[in-house]
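Enquirer:
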Amino acid sequence: MEQQDTRHPGKTGLYGWLHLLWVYLCVEWRFVSWRMRLWLHPEQRESIQTRMKQTLLIVRHGQTTWNVEHRLPGQLPGVALNETGRQQAARLAQALQVLPLSAIISSPLERAYNTAEYLAQGEILKSSRNPI
């Protein structure tokens with residue numbers, strides 16, 4: 538006797554992929570249009586800031602050698618960014634230059650703190666290495 542597939546039909550197959558693509562494109566469009574507005578109208582940046590609620594942006598650290606080797610370092614100290622991870626952090630810092638950052642909070646782990654240092658370059662911000 539064959540078992541019936543009890544998974545939801547919308548979560549598999551072509552419909553599932555189309556739905557994921559649609560969600561991705563909607564989110565990407567909102568982000569790109571928001572960045573373009575900030576870039577094209579820098580004089581409105583202050584008014585946009587006052588209208589906006591505070592935004593929390595959570596960023597994962599850049600790539601490490603352990604990531605490439607599919608190893609999980611957990612809380613081990615001394616796992617730093619590799620060259621690709623440093624490039625990723627630098628590109629992210631460049632992409633976020635249009636945003637007014639008020640704080641950068643990082644995990645005390647070296648890979649996370651290195652990524653935060655790239656984001657804080659050129660900014661006069663307090664950086665804390667203490668866990669929350």
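Sequential numbering of the sequence shown, starting at 538, is according to our numbering.
Yeah, the Cβ is synthetic: ideal placement off N, Cα and C, and Gly gets one too.
Treat the numbers as computed from the prediction; the structure is a model and nothing was measured.
1. Consult DSSP for T621 and reduce its assignment to one of helix, strand or coil.
2. Under a CB-based cut-off of 7 Å, is P637 close to chain D?
3. Quick test of your reading: A653 and S643, contact by CB under 8 Å. State the CB separation rounded to the nearest angstrom.
4. Starting from T652 and walking both ways along the alpha helix (DSSP H), at which residues does that stretch end?
5. How about T601 and V616: are their beta carbons less than 7 Å apart?
6. Which residue from I641, R648, V635 and A649 puts its Cα closest to that of M573?
Expert: Quick answer:
1. Counting from one through the sequence shown, the residue named residue 621 turns up at place 84. Three-state result, T621: helix.
2. Although the question refers to chain D, the structure presented lacks it and comprises just one protein chain.
3. Within the sequence shown, numbered from 1, the residue matching residue 653 stands at position 116. Within the sequence shown, numbered from 1, the residue matching residue 643 stands at position 106. Yes, they are in contact, since the Cβ atoms of A653 and S643 sit about 4 Å apart, within 8 Å.
4. Walking along the sequence shown from the start, residue 652 turns up at place 115. First-last of the alpha helix (DSSP H) with T652: E647 to A657.
5. On the sequence shown, residue 601 is found 64 positions in, with the first residue counted as 1. On the sequence shown, residue 616 is found 79 positions in, with the first residue counted as 1. For T601 and V616, yes; Cβs fall inside 7 Å.
6. Translated into positions along the sequence shown, residue 573 becomes position 36. Checked all of I641, R648, V635 and A649; the closest Cα to M573 is V635.
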